[in-house]
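Here the numbering used here is used: position 201 in the first sequence is 460, and no number is missing along the way.
Worksheet for the structure shown next.
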Amino acid sequence: MADTDVFIPALHKPTSLLPIARHKDALLYTIETSPVTVLIGQTGSGKTTQLPQYLEQAGWCTGGKVVAVTQASGPLPVAKRVAEEMRCQLGQEVGYCIRFEDVTSASTRIKFLTDGLLLREALVDPLLSRYSVIMVDEAHERSLSSDVLLGVLKKVRKRRPELRIVVSSATLQAQDFLRFFAGDDVDAEAAGGGEVGGSVGRIVSVEGRAFPVDTHYLAEPCENYLERAIKTVFDVHTTEGEGDILIFLTGREEIETAMEMIADRTPSLPQDTDKLLPLPLYAGLTTEQQMYVFEPAPENHRKVICATNIAEASVTIEGIVYVIDSGFVKLRAYNPTTGIETLTATPVSKASATQRAGRAGRTKAGKCYRLYTEAAFKSLPEATVPEIQRSNLAPTILQLKALGIDNIARFDFLTPPPAELIIRALELLYSLGALDEYAKLTNPLGTRMAELALEPMLAKCLLSAPTFGCLSEMLTIAAMTSLQGNVWFSHDIKKAEETARRRFTVEEGDHLTLLNVYQAFVTKGKKEARWCQQHYLNFKSMSRAVSIRNQLRRYLERFDIDVSESLTGPEVLRAGGRPMQERIRRCLTSGYFAHAARMQADGSFRTVDGGTVLHAHPSSLMFNRKAEWVVFTEVMETGDKKYIRDVTKIEKGWLVEYAPEFYRVRS
DNA sequence: GAGCACTGC
260 MADTDVFIPA
270 LHKPTSLLPI
280 ARHKDALLYT
290 IETSPVTVLI
300 GQTGSGKTTQ
310 LPQYLEQAGW
320 CTGGKVVAVT
330 QASGPLPVAK
340 RVAEEMRCQL
350 GQEVGYCIRF
360 EDVTSASTRI
370 KFLTDGLLLR
380 EALVDPLLSR
390 YSVIMVDEAH
400 ERSLSSDVLL
410 GVLKKVRKRR
420 PELRIVVSSA
430 TLQAQDFLRF
440 FAGDDVDAEA
450 AGGGEVGGSV
460 GRIVSVEGRA
470 FPVDTHYLAE
480 PCENYLERAI
490 KTVFDVHTTE
500 GEGDILIFLT
510 GREEIETAME
520 MIADRTPSLP
530 QDTDKLLPLP
540 LYAGLTTEQQ
550 MYVFEPAPEN
560 HRKVICATNI
570 AEASVTIEGI
580 VYVIDSGFVK
590 LRAYNPTTGI
600 ETLTATPVSK
610 ASATQRAGRA
620 GRTKAGKCYR
630 LYTEAAFKSL
640 PEATVPEIQR
650 SNLAPTILQL
660 KALGIDNIAR
670 FDFLTPPPAE
680 LIIRALELLY
690 SLGALDEYAK
700 LTNPLGTRMA
710 ELALEPMLAK
720 CLLSAPTFGC
730 LSEMLTIAAM
740 TSLQGNVWFS
750 HDIKKAEETA
760 RRRFTVEEGD
770 HLTLLNVYQA
780 FVTKGKKEAR
790 WCQQHYLNFK
800 SMSRAVSIRN
810 QLRRYLERFD
820 IDVSESLTGP
830 EVLRAGGRPM
840 QERIRRCLTS
850 GYFAHAARMQ
860 ADGSFRTVDG
870 GTVLHAHPSS
880 LMFNRKAEWV
890 VFTEVMETGD
900 KKYIRDVTKI
910 EKGWLVEYAP
920 EFYRVRS
């Protein structure tokens with residue numbers, strides 16, 4: 260959760276002491292004379308907070324121009340700090356922009372925003388003409404949107420030679436970025452390291468302010484890293500000095516096991532030693548639950564934070580002196596042949612392992628214990644495979660098309676995605692009617708789908724809803740399914756939660772149930788937190804659904820689509836007397852026909868081609884109900900099972916009715 | 001019987 264960053268104590272140190280201050284003149288000179296600057300700046304160098312201020316002072320904001328800094332996540336804390344340093348009110352000279360919050364004004368000169376948002380701005384202003392400098396922060400993390408943004412900026416630069424691009428990166432990938440922007444430019448190809456460069460770009464290095472970290476490896480590979488991690492915790496605790504411990508694990512289940520193991524073995528500690536305080540940290544926790552890891556340990560206690568990858572870059576905790584690295588991370592990948600996403604524990608990259616170790620050296624010299632051998636470390640890949648090479652590219656391609664980039668194969672990707680990913684995405688977009696047979700964006704369907712902040716299949720449902728007469732309902736369903744599973748409160752409550760959920764159940768499936776939940780929330784629940792608590796619903800998620808729904812409604816109004824708000828009562832939905840629920844299910848079929856499956860005698864499902872066995876996710880109504888044909892919003896493979904989420908009953912005939920071509924090809 | 005991390009004019 261992005262707003263956890265709010266709890267990180269600000270580093271109120273004189274800014275003149277930050278390492279970057281010594282490089283101010285050199286940096287400004289490089290940016291002045293070179294269109295692209297790759298800034299190598301370690302954590303604690305001050306690059307994100309100081310450089311924008313230097314640029315503003317140096318006159319890069321004259322004539323109403325703006326310096327933009329894109330962040331992978333949570334621009335608010337950085338913007339807040341810079342506003343404090345500049346002694347201005349947030350939203351005036353310094354502002355930020357996230358999905359539902361535009362805290363900027365006419366006087367904003369430095370704007371922090373997410374890279375996804377800047378890409379969306381390019382839809383309206385393709386040359387991003389209000390910006391004099393665009394800094395892409397943490398570009399080495401290689402998120403899908405920052406990669407696409409860099410490709411777009413490369414194009415923009417050719418038509419706006421005065422634009423300055425700053426790419427902030429870790430050491431490892433700096434040359435790649437420079438080479439990318441240099442393109443065919445022979446000059447820059449010769450660019451060496453350090454502070455030299457060619458005509459297009461230069462690299463500037465700013466040292467960080469981290470303490471040394473002493474890294475330890477296992478002599479022999481271990482069989483069970485969880486067991487080994489716990490042993491290491493107790494070894495550190497009994498033999499090493501003060502300081503908290505951070506363990507990198509792969510997921511919630513592992514974290515819970517680790518915490519139990521620590522608690523179980525704590526009694527074996529000698530009476531007079533300090534106690535261990537195990538704390539969990541993963542994205543699935545609420546903001547309140549995450550807060551504990553930021554609080555100092557009570558007297559005579561040592562914190563042991565059991566975290567997922569969230570602690571690698573997104574969340575910073577002060578006071579960590581010992582890091583224990585399992586060497587694994589769960590990564591999402593997309594299989595273009597089956598169209599199924601997988602979530603599997605994978606060995607980390609060297610870059611990741613280095614970043615994890617660095618977390619031990621933020622307050623003083625620290626130690627990192629890697630639960631694998633040095634040989635194993637040496638055989639790790641240098642960097643994680645960039646998202647763009649392992650994602651469903653349908654949303655990305657739709658966006659690129661909307662930006663006027665028609666030839667996707669020739670688009671300048673930092674690293675090109677595999678052809679199969681592009682082909683699969685083009686096929687899907689064609690079958691949805693977003694692209695024509697020449698792979699051109701259709702109008703109005705394709706252009707509207709690209710503008711909606713929804714994944715393509717859902718966007719298609721929403722845009723075809725008026726013809727089914729269920730627009731208001733589909734707006735709600737689109738908002739609710741975009742939340743991705745945080746609607747119900749955690750499953751430890753079990754029985755009570757099941758009973759609560761049953762009140763909202765609509766037999767035809769999860770989508771209609773979610774619609775029912777939303778309608779109850781805004782009517783009976785009066786959008787109140789207390790009502791949510793009574794019904795085991797996540798108030799934050801429900802409020803977010805309201806925001807998303809409003810945003811989607813505004814899009815539709817802009818498309819001149821009539822949005823009359825005639826919410827259907829649950830009685831009508833449940834009566835089953837065909838009207839609304841059938842129209843909604845037909846509408847869902849018109850967008851999710853590629854996600855259809857048939858239930859087998861044993862309760863599992865098979866895809867239409869019969870090739871893949873799927874299981875209803877235990878959070879789905881269809882987990883313990885009978886259906887024949889269904890459509891679903893998501894399929895994910897974890898462990899050895901493929902789970903479908905948000906499942907709704909349909910009629911077989913509807914598939915052919917709404918996707919004749921798609922199903923003719925396959926039969 | 002159960003999901004890494006972010007995010008969208």
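For glycine and all other residues, C-beta sits at the position ideal for the given N, C-alpha and C.
Return helix, strand or coil for residue i, following the three-state DSSP convention.
i: residue 820; result: coil
i: residue 734; result: helix
i: residue 473; result: strand
i: residue 795; result: coil
i: residue 655; result: helix
i: residue 918; result: coil
i: residue 427; result: strand
i: residue 346; result: coil
i: residue 704; result: helix
i: residue 766; result: coil
i: residue 461; result: strand
i: residue 534; result: strand
i: residue 888; result: strand
i: residue 494; result: helix
i: residue 300; result: strand
i: residue 645; result: coil
Could you name the residues of the same chain whose beta carbon sits closer than 7 Å to that of residue i, not counting the 5 residues immediately before and after it, in chain order?
i: residue 860; result: none
i: residue 845; result: 727 and 913
i: residue 725; result: 820
i: residue 513; result: 485
i: residue 487; result: 481 and 630
i: residue 738; result: 804, 807, 808 and 811
i: residue 677; result: 648
i: residue 396; result: 307, 328, 329, 330 and 427
Taking residue i as part of the alpha helix (DSSP H), name the residues at either end of that continuous run.
i: residue 851; result: 838 to 851
i: residue 439; result: 433 to 441
i: residue 584; result: Element bounds for residue 584: not the alpha helix (DSSP H) but the beta strand (DSSP E), 579 to 584.
i: residue 520; result: 511 to 524
Skipping 5 residues on each side, what residues in its chain have a beta carbon closer than 8 Å to that of residue i?
i: residue 755; result: 795
i: residue 287; result: 313, 314 and 317
i: residue 490; result: none
i: residue 723; result: 846, 849 and 850
i: residue 364; result: 350, 351 and 354
From what residue to what residue does the beta strand (DSSP E) around residue i run?
i: residue 625; result: 625 to 632
i: residue 413; result: No beta strand (DSSP E) contains residue 413, which is instead part of the alpha helix (DSSP H) from 403 to 418.
i: residue 325; result: 325 to 330
i: residue 899; result: Residue 899 -> no beta strand (DSSP E), and no H or E assigned at all.
i: residue 560; result: 560 to 566
i: residue 393; result: 390 to 395
Residue i: which of the options sits nearest, CA to CA?
i: residue 884; options: 363, 722 and 862; result: 862
i: residue 566; options: 582, 558, 316 and 522; result: 582
i: residue 620; options: 919, 315, 801 and 473; result: 473
i: residue 296; options: 746, 338, 818 and 465; result: 465
i: residue 747; options: 768, 800 and 478; result: 800
i: residue 402; options: 758, 649, 350 and 594; result: 649
i: residue 673; options: 356, 508, 364 and 437; result: 437
i: residue 711; options: 434, 661 and 871; result: 661
i: residue 877; options: 571, 902, 520 and 855; result: 902
i: residue 310; options: 292, 284 and 331; result: 284
i: residue 909; options: 881, 813 and 610; result: 881
i: residue 842; options: 441, 729, 907 and 387; result: 729
i: residue 342; options: 359, 895, 370 and 434; result: 370
i: residue 586; options: 601, 608 and 602; result: 608
i: residue 323; options: 618, 918, 390 and 572; result: 390
i: residue 571; options: 592, 599 and 541; result: 541
Per DSSP, residue i is paired with what?
i: residue 594; result: 599
i: residue 286; result: Paired residues: none, contrary to the question.
i: residue 504; result: 563 and 581
Excluding five sequence neighbours on each side, which residues of the same chain lie with their C-beta closer than 6 Å to the C-beta of residue i?
i: residue 915; result: 922
i: residue 536; result: 556, 560 and 562
i: residue 818; result: 707
i: residue 375; result: 404
i: residue 367; result: 354
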